[in-house]
Amino acid sequence: MENRKKVILTGDRPTGKLHIGHYVGSLRRRVELQNSGKFDDIFIMIADAQALTDNAKDPGKIRENLLNVALDYLSAGIDPAKSHILIQSMIRPLPELTAYYMNLVTVQRVRRNPTVKSEMKMRGFSEEESDNEEGTPVGFFCYPISQAADITAFDATVVPVGEDQEPMLEQTREIVRRFNGIYGETLVLPDIMLPGNKASRRLPGTDGTAKMSKSLGNCIYLSDDEETVSKAVMTMYTDPTHLKVSDPGHTDDNPVFIYLEAFAGEDNPDAKALFEEYAPDYADLNEMEEHYRRGGLGDVKVKRFLNSVLQESLSPIRKRRAEYEKDIPAVYEILREGTAYAEATAERTLNRVRKAMGIDYFG
Ligand code: TRP
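Per our numbering, residue 50 is the first one in the sequence shown, and the count goes up by one each step.
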């Protein structure tokens, strides 16, 4: 397995539009990786089949958001000439690979998966069926195994995802080792790639709660217009103890500063230019934070700066979206091409797998 191709696979469930948390947590990095020229193949999967595992009654929602997510990708800078965007459910070898991998994983092992556990809790899928709680759909329970199929089908070497996906990668690596141990070296062992800085790993909601979520209405979407973003920023939750401008303030756990860290923090290549243009009194975010902590820097001023910083990031995304929205059939054509390429790749892996297992009966 020397001189292995370098292959990226990652994806999202199309259950809603993508927000700036997705952007700093993964999308932005994908675009960088794509443009680095260091990868032989890049696959970005719209995981509609996985989304259906807990939305069986609402396929319309998945269908609608599939297009939203595709537009979010393209407008964020995913370039179909460099990355293959694919639709999971259209890749026929995936469920077949999943079926073989299921024999290599125990029910007990899936039950221990911390992400599955917390997602079951969030969805009210209890361990036991009862009058007031729904049971767990088998398909949902097995999604870590189908995710292993997603990753291995394309011989992915690198999987850039958020921290919450760590248990999925662990599960995938176990399946790969198990498969190769039993049937001989066949599958590629993937590595996880986590977002670099802490603020980018988990952007809180605009209301200060731990996570952006559609149901809480605390998101800023990539598709929001300028006015919507500016309104969301100006009404954001900040330090509740910072009452007067002269009061000393807290910057930790303050969503306004966490967003600034993600969009104009030290490791952001545009940080210096952003400060020069929109907050010339400060050389960098550290200086601004110090002033806030000392007292004398008002929230409105900081929010205005954050608004400028966000608009600067979002405006090229908006422009690209407007272009793609003019021709939706062309977007579906991009998906069709990406999916066809991905299907051929997965087909080759499936043939390898069947051969390794000795079930390629007709040669
Ligand atoms: N589970 C991922 C999520 O909820 C989506 C996903 C499906 C995925 N298949 C994948 C991510 C393969 C990385 C690799 O966001």
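The beta carbon of each residue, even a glycine, is placed where N, CA and C say it ideally should be.
{"query": "Three-state secondary structure (DSSP) of GLU145", "result": "helix"}
{"query": "Whole beta strand (DSSP E) elements within the segment 275-331, 3-residue minimum", "result": "none"}
{"query": "Whole-angstrom distance between HIS71 and VAL237, CA atom to CA atom", "result": "27 angstroms"}
{"query": "Reference THR201, options ARG397, GLY407, PRO253, closest by Cα", "result": "ARG397"}
{"query": "Where SER264 falls, given that 16 or more other Cβ within 10 Å makes a residue buried", "result": "exposed"}
{"query": "6 angstroms CB neighbourhood of HIS340 in its chain, flanking five on each side removed", "result": "LEU346"}
{"query": "SER295, buried or exposed, once every other Cβ within 10 Å from all chains shown has been counted against 16", "result": "exposed"}
{"query": "Complete beta strand (DSSP E) runs within the segment 221-267 (minimum length 3 residues, chain order)", "result": "240-242"}
{"query": "Counted within 10 angstroms of its Cβ, other Cβ atoms place LEU292 as buried (16 or more) or exposed", "result": "exposed"}
{"query": "Of the listed residues ASN162, LEU58, LYS170, VAL80, nearest to ILE194 (C-alpha basis)", "result": "ASN162"}
{"query": "Span of the alpha helix (DSSP H) around PRO378", "result": "377-406"}
{"query": "Segment limits, beta strand (DSSP E) that includes ASP90", "result": "90-95"}
{"query": "Extent of the continuous beta strand (DSSP E) to which THR59 belongs", "result": "56-61"}
{"query": "Span of the beta strand (DSSP E) around LYS134", "result": "Note that residue 134 corresponds to Ile in the displayed sequence, not to Lys. 133-136 is the extent of the beta strand (DSSP E) around ILE134."}
{"query": "According to DSSP, residues forming a beta bridge with TYR270", "result": "HIS68"}
{"query": "VAL154 - DSSP class collapsed to helix/strand/coil", "result": "coil"}
{"query": "Where the beta strand (DSSP E) through PRO209 begins and ends", "result": "207-209"}
{"query": "Inter-residue Cα distance where the pair is PRO297 and GLU336", "result": "14 angstroms"}
{"query": "Beta-carbon separation (whole angstroms), ASP107 vs ARG172, contact threshold 8 angstroms", "result": "Between ARG172 and ASP107 the Cβ distance is about 13 angstroms, and since that is not below 8 angstroms, they are no contact."}
{"query": "Limits of the alpha helix (DSSP H) - the one that ASN356 falls within", "result": "348-374"}
{"query": "Reference ASN229, options PRO63, TYR373, LEU153, TYR410, closest by Cα", "result": "LEU153"}
{"query": "Segments assigned alpha helix (DSSP H), at least 4 residues, entirely inside the segment 98-134", "result": "108-125"}
{"query": "Among GLY412, LYS55, TYR410, MET406, nearest to GLY233 - alpha-carbon criterion", "result": "MET406"}
{"query": "heavy atom of ligand 1 below 8 angstroms from ARG79 C-beta", "result": "no"}
{"query": "Host alpha helix (DSSP H) of ILE194 (start-end)", "result": "192-202"}
{"query": "Start and end residues, alpha helix (DSSP H) containing MET139", "result": "Counting along the chain, MET139 falls outside any alpha helix (DSSP H), and DSSP gives it neither H nor E."}
{"query": "Simplified DSSP assignment, three categories, for PHE189", "result": "helix"}
{"query": "Beta-bridge partners of GLU183, as assigned by DSSP", "result": "PHE174"}
{"query": "First and last residue of the uninterrupted alpha helix (DSSP H) at ASN162", "result": "It is not in any alpha helix (DSSP H) - ASN162 carries neither H nor E in the DSSP assignment."}
{"query": "GLY387: CB within 8 angstroms of a non-hydrogen atom of ligand 1", "result": "no"}
{"query": "Contact under 9 angstroms by Cβ, GLU310 with ASP333", "result": "no"}
{"query": "Beta-carbon spacing of ALA197, VAL225 below 9 angstroms", "result": "yes"}
{"query": "GLN214, enclosing alpha helix (DSSP H) - first and last residue", "result": "It is not in any alpha helix (DSSP H) - GLN214 carries neither H nor E in the DSSP assignment."}
{"query": "Buried/exposed call for PHE324, threshold 16 Cβ in 10 Å", "result": "buried"}
{"query": "When ARG401, PHE411, TYR390 are compared against LEU135, the one with the closest alpha-carbon", "result": "TYR390"}
{"query": "Residue range of the alpha helix (DSSP H) that includes SER85", "result": "77-85"}
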